[in-house]
Amino acid sequence: MTSTGTSSPLTTASGAPRPGGSALLDGRPVSRVGYGAMQLRESSGRSADIALLRRAVELGVDHIDTAQFYGDGYSNGLIREAIRPEDGVLVASKVGAAPNPGGQIPLRLAQRPEELRAGVEDNLRSLGLDRIPLVNLRRTDVGPGLRAEGDQVVDLDDQLAVMTALRDEGKIGAIGLSSVTTEILRRAMPAGIACVQNAYSLVARDDEEMLALCAAESIAFVPYFPLGSAFPGMPKVTEAPAVQAAARALGRTPSQIGLAWLLHHAPNVLLIPGTSDPEHLEANVAAGAVALDDATLAELDAVPSRSGEIALD
Numbered sequence: 001m002t003s004t005g006t007s008s009p010l011t012t013a014s015g016a017p018r019p020g021g022s023a024l025l026d027g028r029p030v031s032r033v034g035y036g037a038m039q040l041r042e043s044s045g046r047s048a049d050i051a052l053l054r055r056a057v058e059l060g061v062d063h064i065d066t067a068q069f070y071g072d073g074y075s076n077g078l079i080r081e082a083i084r085p086e087d088g089v090l091v092a093s094k095v096g097a098a099p100n101p102g103g104q105i106p107l108r109l110a111q112r113p114e115e116l117r118a119g120v121e122d123n124l125r126s127l128g129l130d131r132i133p134l135v136n137l138r139r140t141d142v143g144p145g146l147r148a149e150g151d152q153v154v155d156l157d158d159q160l161a162v163m164t165a166l167r168d169e170g171k172i173g174a175i176g177l178s179s180v181t182t183e184i185l186r187r188a189m190p191a192g193i194a195c196v197q198n199a200y201s202l203v204a205r206d207d208e209e210m211l212a213l214c215a216a217e218s219i220a221f222v223p224y225f226p227l228g229s230a231f232p233g234m235p236k237v238t239e240a241p242a243v244q245a246a247a248r249a250l251g252r253t254p255s256q257i258g259l260a261w262l263l264h265h266a267p268n269v270l271l272i273p274g275t276s277d278p279e280h281l282e283a284n285v286a287a288g289a290v291a292l293d294d295a296t297l298a299e300l301d302a303v304p305s306r307s308g309e310i311a312l313d
């Protein structure tokens with residue numbers, strides 16, 4: 001999926017305007033509104049999911065986030081079939097977990113160096129690539145979800161050693177981090193870090209220090225759960241009265257206001273909202289065109305952050 005077309009800060013290789021404008025990801029301009037493939041499920045129908053990915057490209061999306069453990073390779077297979085080299089799409093994947101078919105939780109941790117290498121190889125095969133432009137190392141230092149125990153507690157240096165080796169071998173282009181603390185990011189920065197993926201939204205803003213550090217170091221910040229989450233105890237952006245008021249005033253949806261706030265909040269933020277619904281895809285991309293004036297931004301900035309109240313286990 002290496003681009004054979006040309007792009008500019010204003011348009012993608014396919015000639016579409018970049019939703020939300022552009023920002024750099026590993027030194028490459030990409031649309032600030034991308035797409036996250038986690039919500040693609042076989043129940044939607046393969047042809048419908050492929051059509052959704054093609055529509056995303058038509059709308060100007062040229063940054064797609066995926067993982068082999070999304071649907072045990074289902075999302076990667078769709079991307080392999082739907083995305084063409086001339087689309088100029090930067091595909092980012094991740095390692096640190098693996099599919100767990102039939103388990104109570106559909107994934108398990110895979111943090112050991114040999115598991116990280118195996119994860120990259122699995123992603124290469126299912127995506128049909130010789131090189132993955134960006135691979136995020138998913139740790140478990142912060143955020144909701146699984147916590148490492150036993151042999152899954154692995155030192156960062158050991159993990160970075162295999163990630164940099166894979167980069168030197170040409171199997172990955174750049175290294176990102178996911179679910180990490182600011183301390184972990186600082187330790188990892190000498191290895192060259194292109195982006196950070198952490199849970200972050202208008203109503204869950206514990207990572208302001210992380211966001212500022214990333215901006216200062218030209219590291220992209222790619223928030224997951226940008227509108228909150230279904231995890232128990234996690235607040236939802238769309239339920240905040242200020243968000244609902246802004247949506248009514250601007251004729252937008254609360255979700256669009258929440259996404260637009262993230263784009264206005266820091267210039268290095270890249271969004272990867274996921275959906276399997278074509279109408280939601282259109283609405284997410286349209287959030288990149290939502291203008292928020294100073295008064296509206298002040299009202300939104302004043303929304304309390306409740307992320308510290310979330311039970312992580």
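All residue numbers for the sequence shown refer to full-length UniProt numbering, where the first residue is 1 and numbers rise by one.
Quick reminder that beta carbons are idealized off the backbone N, C-alpha and C, glycines included.
Integer-rounded CB distance, given that residue j should sit under 8 Å from residue i
i	j	result
Val-196	Leu-270	Not quite, the Cβ-Cβ distance comes to about 11 Å (not below 8 Å), so this is no contact.
Ala-92	Leu-53	Actually they do not touch by this definition, with Cβ atoms about 15 Å apart.
Gly-96	Ile-64	In fact, because the Cβ distance is near 19 Å, the residues do not count as touching under 8 Å.
Distance, residue j Cα to residue i Cα
i	j	result
Gly-192	Arg-186	10 Å
Pro-133	Thr-66	12 Å
Ser-14	Asp-62	9 Å
Lys-171	Val-120	8 Å
Pro-101	Ala-240	36 Å
Leu-24	Gly-103	38 Å
Thr-275	Gln-39	6 Å
Leu-250	Ala-298	15 Å
residue 320	Val-303	Limits of the chain in this structure are 1 at one end and 313 at the other, which puts residue 320 out of reach.
Leu-124	Arg-248	45 Å
Ala-16	Glu-58	7 Å
Ala-194	Leu-211	13 Å
Pro-190	His-264	29 Å
Val-153	Leu-109	10 Å
For residue i, three-class secondary structure by DSSP
i	result
Gln-111	coil
Thr-164	helix
Pro-254	helix
Ile-219	coil
Ala-266	coil
Leu-297	helix
Arg-28	strand
Pro-241	helix
Asp-65	strand
Leu-202	coil
Pro-85	helix
Leu-124	helix
Gly-119	helix
Thr-2	Caution is warranted here: a pLDDT of 48 is assigned to Thr-2, below 50, making its placement in the model unreliable, and no coordinate value can be reported.
Gly-150	helix
Own chain residues within Cβ distance below 8 Å of residue i, not counting five before or after
i	result
Asp-151	Arg-112
Arg-306	Val-203, Ala-204 and Pro-235
Ser-22	Pro-9, Leu-10, Pro-29, Val-30, Ser-31 and Arg-32
The ligand FMN heavy atom lying under 7 Å from the CB of residue i
i	result
Ser-7	For the ligand FMN, the structure offers nothing, since it holds no ligand at all.
Residues of its chain near residue i, where Cβ-Cβ distance is below 6 Å and the 5 sequence neighbours each way are ignored
i	result
Lys-236	Gly-228
Asn-136	Lys-94, Gly-176, Ser-178 and Gln-197
First through last residue of the alpha helix (DSSP H) which encompasses residue i
i	result
Pro-278	278-286
Val-57	46-58
Arg-80	74-82
Own chain residues within Cβ distance below 7 Å of residue i, not counting five before or after
i	result
Asp-207	Asn-198 and Tyr-200
residue 343	Nothing about residue 343 can be reported from this structure: the residues present for the chain run from 1 to 313 only.
Thr-238	Leu-227, Pro-254, Ser-255 and Gly-258
Limits of the unbroken beta strand (DSSP E) element including residue i
i	result
Ala-97	97-99
Arg-187	First-last for Arg-187: 182-188, but that is the alpha helix (DSSP H), not the beta strand (DSSP E).
Gln-197	195-197
Arg-138	132-138
Leu-177	172-178
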